[in-house]
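So the sequence shown is residues 1 to 277, counted in UniProt numbering.
Backbone N, C-alpha and C fix where the C-beta goes; we use that ideal spot for every residue, glycine too.
Below: one structure, written as structure tokens.
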Amino acid sequence: MAQPSVILATASYDHTIRFWEAKSGRCYRTIQYPDSQVNRLEITPDKRFLAAAGNSHIRLFDVNSNSPQPVISYDSHTSNVMAVGFHCDGNWMYSGSEDGTVRIWDLRTATCQREYESRAAVNTVVLHPNQKELISGDQNGNIRVWDLAANSCSCELVPEVDTAIRSLTVMWDGSMVVAANNRGTCYVWRLLKGTQTITSFEPLHKLQAHDGYILKCLLSPEFCDPNRYLATASSDHTVKIWNVDGFKLEKTLVGHQRWVWDCVFSVDGAYLITGAR
């Protein structure tokens, strides 16, 4: 059977990864992941491979194959891997873990090339669109910018002391970053290019988005322009859509009966997919 032209990949605490035909909702492939829950998924820029982050490891699966076995495994973390992503050219991968580290991996050799110490469990990591800085958020409420050229932390922010940063998102053009915490608050900064390659943060807005935890925040992709949106998913069972121009609430999406753990925009920005237990 031919692979659908538009696919959706999901993973869960039920130890499976599933591939779906997005238009019909038909599940056409299931991969068993027996030794761990799956915390995060990310597809490579060339759409060929899917990275699955679990408890202490990351595994790479071939999207176009029916094989249940991973192509390669990355095993240097010592606790849950909570974030995974790729450089735009696909040559390297980054990850963040509850072991308190942010790591960069050579995709071809499965070796850890760099390791940055956060000193607290890392919940979220994003790559700046300039491809030169990683931004991490941890359980102690720290946001750190890792300058890949200098191989060091170039900036550290603490929006609320001892309030975990659950999610980070950067606007596609690098103009803005949003951090969401476990008290339902989003902090928004304008990103300014500083000296050399260092990015500086200018406070822009504080948004009390939910009464419960925010589990995911996500800025809309380029295809939504000139309209720009922020989606927030919460333990209060809702997803909210905010207009970035003034951060006015556009709509509240209801229907989930439990915590909404994740959300993602379709590539063209026309749809928002949400996931709950």
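The beta strand (DSSP E) spanning W172 covers which residue range?
No beta strand (DSSP E) contains W172, which DSSP labels as neither H nor E.
Would you call the CB atoms of L218 and F265 closer than 9 Å?
yes
From the DSSP secondary-structure annotation, give me the bridge partner or partners of A179.
L168 and Y187
Starting from the N-terminal side, write out each stretch of the beta strand (DSSP E) that is 3 residues or longer and does not extend beyond the region 94-154.
101-106, 111-117, 122-127, 133-138 and 143-147
Do we get a CB-CB distance below 9 Å when we pair N243 with the residues of chain D?
In the displayed structure, chain D is absent; only one protein chain is listed.
Check whether the Cβ atoms of T43 and A53 lie closer than 9 Å to each other.
Here residue 43 is Ile; the residue named in the question, Thr, does not match the sequence. No, they are not a contact pair.
C224, DSSP secondary structure in three states:
helix
List the residues that DSSP assigns as beta-bridge partners of D32.
Reading off the sequence, residue 32 comes out as Gln, not Asp. DSSP, once it has assigned bridges, lists T16 as partnering Q32.
Do L168 and V125 have their C-beta atoms within less than 9 Å of each other?
yes
Residue environment, G255, which counts as buried when at least 16 other CB atoms sit within 10 Å
exposed
Please determine, among S220, A120, F86 and K47, the residue with the shortest C-alpha to C-alpha distance to D268.
S220
Where L82 and S73 are concerned, what is the direct C-alpha to C-alpha distance, given to the nearest angstrom?
Note that residue 82 is Met in the sequence shown, not Leu. Taking the straight line from one Cα to the other gives about 16 Å.
At what residues does the beta strand (DSSP E) containing F49 begin and finish?
F49 to A53
Considering only the beta carbon of each residue, do D46 and H57 sit closer than 9 Å?
no
If we ignore side chains and look at the alpha-carbon of each, how far apart do P4 and L207 end up?
39 Å
Can you tell me whether DSSP reads Y213 as helix, strand or coil?
coil
Which residues share a DSSP beta bridge with V264?
I273
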